[in-house]
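Take a look at the structure below.
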Amino acid sequence: MPLTIVAVFQANPGREEDLSRELQELVAPTRAEAGCLNYDLHRDLEVPGRFLFYENWETRSNWEAHMESDHLRRHRETSDALVAKVEIFQMEGTD
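Going letter by letter, the sequence shown gives residues 1 to 95 in the numbering used here.
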């Protein structure tokens with residue numbers, strides 16, 4: 001069964017556009033990863049600086065490999081000044 005990930009990022013005040021650019025840079029390399037079914041970035045229309053990734057992976061191991069990818073490691077190393085909060089939800093379909 002595919003694994004669904006919902007990752008919610010809240011930017012630090014004044015860093016909204018910086019975080020937006022950094023998150024957008026993750027899209028293309030992630031979509032090229034093995035097992036990535038979709039990796040879609042969204043911007044909240046009501047809460048400034050809140051972004052959401054909606055992801056689907058063929059398997060949990062594909063997602064775990066993604067979490068160890070070079071581009072995601074670089075993101076984690078450079079995003080501390082940009083991100084106030086991150087929440088990651090691991091989900092599966094019910095039907």
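Backbone N, C-alpha and C define an ideal beta-carbon position, used for all residues, glycine too. Quick caveat: nothing in here was measured; it's all calculated off a predicted structure.
DSSP-derived helix/strand/coil call for residue i
i: residue 76; result: helix
i: residue 19; result: helix
i: residue 58; result: coil
i: residue 92; result: coil
i: residue 81; result: coil
i: residue 87; result: strand
Whether residue i touches residue j by CB criterion (9 Å)
i: residue 69; j: residue 94; result: no
i: residue 56; j: residue 38; result: yes
i: residue 90; j: residue 3; result: yes
i: residue 49; j: residue 76; result: no
i: residue 51; j: residue 79; result: no
Beta-carbon proximity list for residue i, same chain, < 8 Å, skipping 5 on both sides
i: residue 18; result: 11, 82
i: residue 71; result: 25, 26, 29, 30
i: residue 92; result: 1, 2, 3, 4
Contacts around residue i, its chain only, beta-carbon distance under 6 Å, and the 5 residues preceding and following it disregarded
i: residue 66; result: 33
i: residue 7; result: 53, 88
Query - Segments assigned beta strand (DSSP E), at least 3 residues, entirely inside the region 22-48 - result: Counting only runs of 3 or more, we get 36-43.
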